[in-house]
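Each step along the sequence shown adds one to the number in our numbering, with nothing skipped, and position 50 is 143. Since the structure comes first, as structure tokens, the remarks are kept for the end.
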Amino acid sequence: MSVSNIDRAREAGRAARPASIKVWDPFVRVFHWSLVALFAIAWFSADEWDRAHEVSGYAIAGLIAMRLVWGLIGTQHARFSDFVYRPSTVIAYLNDSVFLRAKRHIGHNPAGGAMVVALLASLAVAVGTGIISVSDRFWGVEWVEEVHEVASYLTLGLVVAHVLGVVLASLQHRENLVRSMITGWKRKNDH
């Protein structure tokens, strides 16, 4: 095959692929997968391995703090202003999702944005109560431990809902959202 034929074959291959856009920056992707790993460690080490549970909790606290800052100053699709919607918009999007007519979004869709906020809030409560529960003042205080446990179970429930939402959106829009959170790239157009 001559050089010009190779060039034509490359161009034909590029034309066959849909245009892509970089959506998730490295910070968002590392944050996401680190949070997945650390929450799993915290969950499975609870009541079994105190040191791993505490260290993963402190690491999650650090990640949350960095994500809050990045949500204000980060790249376009990482900023809260790009994906925090009014509750009525989130409800309308969820309704459209049930009937498989939800609009595709390049960044987080309204339900995904609400999930980010809910997960950060529930994790912050779990981490905050976990941190104060080992302090002298709150050591062994029942309500602190109960709030920590409820927040942890709530977070686990939100994780399950998040995974189901990702599967639904991936199927509905025929795009692998897990891969996009690994590579950072998504299909640019709707088709």
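Note that CB positions come from ideal geometry on N, CA and C, so glycine has one too.
Of the residues assessed, Asn202 falls on the buried side of the cut-off, its CB having 16 or more other CB atoms within 10 angstroms. Less than 8 angstroms divides the Cβ of Val237 from the Cβ of Ser226. Counting the other CB atoms within 10 Å of its CB gives Trp232 a total below 16, which places it among the exposed residues. Counting other Cβ atoms within 10 Å of its Cβ, Leu264 stays below 16 and is therefore classed as exposed. DSSP places Ile114 inside the beta strand (DSSP E), whose first and last residues are 113 to 115. A straight-line Cα-Cα distance of about 14 angstroms links Arg280 and Lys196. Runs of beta strand (DSSP E) with 3 or more residues, each lying fully within the segment 191 to 265, are absent. Of the residues Ser190, Leu213, Arg230, His266, the one whose Cα lies closest to the Cα of Phe124 is Leu213. Considering only Glu242, Gly206, Val209, the residue with the shortest C-alpha distance to Gly221 is Glu242.
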